[in-house]
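*Asks:*
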Amino acid sequence: MTSLLTALLAVVVAAGAALVTVEVVHRIVRRFGRRSAVLSDLATTAHRPFLATAVVFAVQVAVRGFAGEFPGRAGVVHALVILVIAAVAWLVGALLLVLEDLALARWRVDVPDNMRARRLKTQVQMLRRVTVAAIVVLTIGVMLMTFPGVRALGASVLASAGVVSVIAALAAQSTLGNVFAGLQLAFSDAVRIDDVVVVEGEWGRIEDITLTYVAVQIWDDRRLILPTSYFTTKPFQNWTRTGSAVLGTAEVDVDWSAPVEPMRAELRAVCEGTELWDGRVCVLQVTEAIGGMIRLRALVSAHDAGALWDLRCLVRERLVAWVFEHRRDALPRMRADVDTLPRGPVKSTPDNAAPVRESSDDSRVFSGIGDGDERAAAFSGPDDKAVVPPRDHG
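Have a look at this one:
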């Protein structure tokens, strides 16, 4: 009983000392963090994992060195070792988050020219995910190696590693393919976070890239989840591959009588009167003239895909309104020629109609001049050969 009380007292003292020490360090770091964003992030992110690591480690040291012998001591020490391993892994993961924030702090993605920042963000996040996955696997392996039975099985596991690796590779072929595809996406610069893409007929932006899937935010706030291997095996449109500025069209169908030059002037006035236009391209062209109508295509440019969508809608609305207000006769219409029939009895043959004549011989294939009669005899069937009468040329 005395040994158990001694152990409890040692645990309480060690935990209390570790708790006080961590809180003092936390307050100091947070105070200096008022002038340093890195220290402020460190004080916020690493506080709890550092507290857990310090307390568990202090308790383990107290139990090993000052608690003496008590019932179940070996199991308690083993459990504390596992907790220390888990706490250290948690602390390392938190420090990785701090390093990620530090790497991304210099590069903002909420500015127009953010291609390098988006590339760096994609690569840093992918590296952090790979590192966290490696830490989790390593932590589980170290925890298992603390059990004597697992250490004894290590030799046999290593001996059969060849067969196991083949089986695991076959079983996890799809998953591993997505993992390698995710790494390829991050470092090949084919697609980045916040890129505007068109996939599966949907227009949206890359919201997140993980080791196994890519989340695409559709324009109406839906989410399209695709495996990372999709972007390495199938074609897709990347509107912001080399820059965020894009071109777009707005088409309007009008009558042939529509004045093109005044509508060009109206398009120019619309573009110059809105902040959506980036000042690069503003062109109106006739692209088709069929079906009794002409098709006007307005080609405009904007600094990003969102502004381009709004600009295209604005141009279409203003051109339609201009036609309706200024040249209503140029609205699309159908033309038809209608003949008025005379009243009274209908004559079978009009007075001025040309006399009906028999068809001339040169309009026939199987009779008439030339070899028409011979052709008719050849296609007359299996009866006796027809006798072609001689033609009178006199």
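Residue numbers (UniProt numbering): 1 to 394. Every residue, glycine too, gets a C-beta built ideally from N, C-alpha and C.
Consider the C-beta atom of Ile85 and the heavy atoms of the ligand GDP; say whether any pair is separated by less than 7 Å.
*Replies:* As far as ligands go, the structure on display features none, and thus does not contain the ligand GDP.
*Asks:* In three-state terms, what does DSSP make of Asp194?
*Replies:* If DSSP states are grouped into helix, strand and coil, Asp194 belongs with coil.
*Asks:* Across the region 227 to 247 and the region 262 to 271, are there enough close Cβ pairs to call them in contact, namely three or more that are closer than 8 Å?
*Replies:* Not touching, per the Cβ criterion.
*Asks:* I need the straight-line Cα distance from Leu311 to Val286, nearest angstrom please.
*Replies:* Approximately 20 Å, taken between the alpha carbons.
*Asks:* Would DSSP call Pro332 helix, strand or coil?
*Replies:* Three-state result, Pro332: coil.
*Asks:* How would you call Val150, buried or exposed, if buried means at least 16 neighbouring beta carbons within 10 angstroms?
*Replies:* The residue in question, Val150, is exposed, as its Cβ has fewer than 16 Cβ neighbours within 10 Å.
*Asks:* Residues in its own chain within less than 8 Å of Val11 by CB, not counting five upstream and five downstream?
*Replies:* Closer than 8 Å at Cβ, skipping near neighbours: Val59, Ala62, Val63, Ala67.
*Asks:* Pick from Ala289, Met293, Cys313: whose alpha carbon is nearest that of Val270?
*Replies:* Closest by alpha carbon: Cys313.
*Asks:* Any idea which residues DSSP pairs Tyr213 with across the strands?
*Replies:* BP columns for Tyr213 point to Pro227.
*Asks:* Residues in the same chain with beta-carbon distance under 6 Å from Ser301, minus the five sequence neighbours each way, listed in chain order, please.
*Replies:* For Ser301, where only same-chain residues beyond five positions count, the Cβ hits under 6 Å are Leu247, Asp278, Arg280, Val281.
*Asks:* Assuming Arg192 contacts Arg118 (C-beta within less than 8 Å), just tell me the rounded distance between them.
*Replies:* Going by Cβ atoms, the distance from Arg192 to Arg118 rounds to 4 Å, so yes, they are a contact pair.
*Asks:* Is the number of C-beta pairs between the region 176 to 190 and the region 118 to 127 that are closer than 8 Å three or more?
*Replies:* Yes, the region 176 to 190 is in contact with the region 118 to 127.
*Asks:* Residues in the same chain with beta-carbon distance under 7 Å from Leu96, minus the five sequence neighbours each way, listed in chain order, please.
*Replies:* So the list reads Arg128, Thr131, Val132, once near-sequence residues are dropped.
*Asks:* Spatial neighbours of Val323 within its chain, please: C-beta separation below 7 Å, excluding the five flanking residues on both sides.
*Replies:* Val254, Ala258, Ala330, Leu331.
*Asks:* Determine whether the beta carbon atoms of Val197 and Val179 lie at a separation below 8 Å.
*Replies:* Not in contact: Val197 and Val179 (Cβ atoms no closer than 8 Å).
*Asks:* Does DSSP put Arg268 in a helix, in a strand, or in coil?
*Replies:* If DSSP states are grouped into helix, strand and coil, Arg268 belongs with the helices.
*Asks:* Can you tell me whether Pro49 is buried or exposed? The criterion is at least 16 other CB atoms within 10 Å of its CB, across all chains shown.
*Replies:* With 16 or more other Cβ atoms within 10 Å, it is buried.
*Asks:* Considering Cα atoms alone, identify which of Val77, Val81, Ala46, Thr274 is closest to Val92.
*Replies:* Considering only alpha carbons, the answer is Ala46.
*Asks:* Note down, in chain order, each residue of its chain lying with its Cβ closer than 6 Å to the Cβ of Val98, except the 5 sequence neighbours on either side.
*Replies:* Within the same chain, Val98 has close Cβ partners Asp41, Leu42, Thr45.
*Asks:* What is the DSSP secondary structure of Arg48, counted as helix, strand or coil?
*Replies:* Correct three-state label for Arg48: helix.
*Asks:* Exposed or buried, which one is Leu5 when buried takes at least 16 other CB atoms within 10 Å?
*Replies:* Leu5 comes out exposed.
*Asks:* Measure the alpha-carbon distance for Thr53 versus Arg73 and round it to whole angstroms.
*Replies:* Using only the alpha carbons, I get a separation of about 21 Å.
*Asks:* Could you please give the first and the last residue of the uninterrupted alpha helix (DSSP H) stretch that includes Gly243?
*Replies:* No alpha helix (DSSP H) holds Gly243; DSSP gives it neither H nor E.
*Asks:* Which of helix, strand or coil does DSSP assign to Leu299?
*Replies:* Three-state result, Leu299: strand.
*Asks:* Exposed or buried, what is Met145 when buried is set at 16 or more other beta-carbons lying within 10 Å of its beta-carbon?
*Replies:* Met145 is exposed by the Cβ-count criterion.
*Asks:* Report the three-state DSSP secondary structure of Ala258 (helix, strand or coil).
*Replies:* Three-state result, Ala258: coil.
*Asks:* Which residue from Ala14, Arg222, Val38 puts its Cα closest to that of Asp101?
*Replies:* It is Val38.
*Asks:* Please name the residue, chosen from Phe32, Tyr213, Thr139, Trp239, that lies closest to Tyr230 on a Cα-to-Cα basis.
*Replies:* Looking at the Cα atoms, Tyr213 is the closest of the given residues.
*Asks:* Between which two residues does the beta strand (DSSP E) containing Arg280 stretch?
*Replies:* Element bounds for Arg280: 277 to 290.
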